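If you're matching positions, the sequence shown starts at 44 in my numbering and goes up one per residue. In this text, a Cβ means the ideal position worked out from N, Cα and C, and glycines have one as well. These numbers come from a predicted model, not from an experiment.
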Amino acid sequence: MMELMHFPQKWRHWIQECLSSARVSVLVNGSPCEEFQMQKGIRQGDPMSPYLFIIVAEGLNWLLKNAELLGSFSGLKMGINGLVVTHLQFADDTLIFCQPNLAELVSIKNVLRRFEHISGLKINYQKSVMSGVGMEATEMQPLADALNCQIQMLPIKYLGLPLGANPKLKSTWKPVVDKIKFRLSSWKRRQLSFGGRIVLIKAVLLSLPLYYMSIFKMPEGVIKSIDSIQSRFL
């Protein structure tokens, strides 16, 4: 992977030395055992680890971009300017967008196989899901079989948010409301003063919906429900 990305030979040699010279020991009943040579990976906590991960992720990004330029798959056009989005990457999560036809899926699978060959990693298709916009499960089944992955209907949870959900519905905000109720149920068992309860609400409780609210606008009905829950707690 690093050779294809034109990293110098000397730099690649240094990385290889770090990987091949790593030795670790395991704590048994609190005492370290004899050190042994690692076969894969680097020492726990080594700052090199996230950088190597970024290099590998960038390799997949390059392969997908190249496939799109060659016309292997087209991605999705977004907005009035027709911005083409083929994939999104965040940490170890990757979303790939394509048209609902077998030819594009075969092209994507070929890209993933090439990535496996170059990086030495394996795609876990059993943990991968396919979701279709405006499609029924019966329409997606032949496509999912081609990738040997599961079907999951929208909305799906991505980065902690319900992707494809309607933010105007109360059901979309149910996880937030349930989390608030759970926090309050644990606090009710404690002997808290009125001032202590106010501090907890302002410092902890009001921060729970912020992540959802960074993307979605909270409906009036959900605001009233949360206010009612807080009032009963006070």
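Would you mind working out which of the options sits nearest residue i, comparing C-alpha positions?
| i | options | result |
| --- | --- | --- |
| L113 | V265, A134, E147 and S174 | E147 |
| I258 | P75, W216 and Q234 | W216 |
| W105 | L119, N124, T129 and S174 | T129 |
| Q132 | L107, K120, K152 and L126 | L107 |
| F96 | W230, M44 and M121 | M44 |
| P210 | F140, F237 and G264 | G264 |
| R86 | A100, R55, L62 and I58 | L62 |
| S64 | Q80, L70, L164 and R55 | Q80 |
| A134 | I98, P143 and R156 | I98 |
Enumerate in chain order the residues of its own chain whose CB-to-CB distance from residue i is below 7 Å, with the five nearest sequence positions on each side excluded.
| i | result |
| --- | --- |
| A110 | F116, S150 and V154 |
| G118 | E111, V127, V128, T129, F140 and C141 |
| M91 | C61 and I85 |
| P143 | G175, M178 and L186 |
For residue i, report the span of its alpha helix (DSSP H) as first-last.
| i | result |
| --- | --- |
| M281 | Because the chain is modelled from 44 through 277, residue 281 falls outside the range shown and cannot be assessed. |
| I98 | M91 to L112 |
| K245 | F237 to A246 |
| Y254 | L253 to M256 |
| I166 | Segment: none, I166 is in no alpha helix (DSSP H) and carries neither H nor E. |
| V265 | E263 to F276 |
| F225 | K217 to W230 |
Can you list, in chain order, the residues of its chain with a C-beta nearer than 6 Å to that of residue i? Leave out the 5 residues immediately preceding and following it.
| i | result |
| --- | --- |
| L277 | R240 |
| S68 | P75, C76 and E78 |
| E182 | none |
So the beta strand (DSSP E) residue i belongs to, where does it begin and stop?
| i | result |
| --- | --- |
| P205 | L204 to L206 |
| I199 | I199 to Y201 |
Here's a check: name, in chain order, each residue in its chain whose Cβ is nearer than 8 Å to the Cβ of residue i, leaving out the five neighbours to either side.
| i | result |
| --- | --- |
| L47 | G102 and I161 |
| M166 | Looking at the sequence shown, residue 166 is not Met but Ile. Within the same chain, I166 has close Cβ partners L155, F158 and E159. |
Three or more C-beta pairs closer than 8 Å, one from the stretch 221-238 and one from the stretch 246-263: is that the case here? yes
Counting only runs that start and end within the stretch 111-154, where is the alpha helix (DSSP H) found for 4 or more residues in a row? none
Okay, do the stretch 162-179 and the stretch 194-204 touch, 3+ Cβ pairs below 8 Å being the bar? yes
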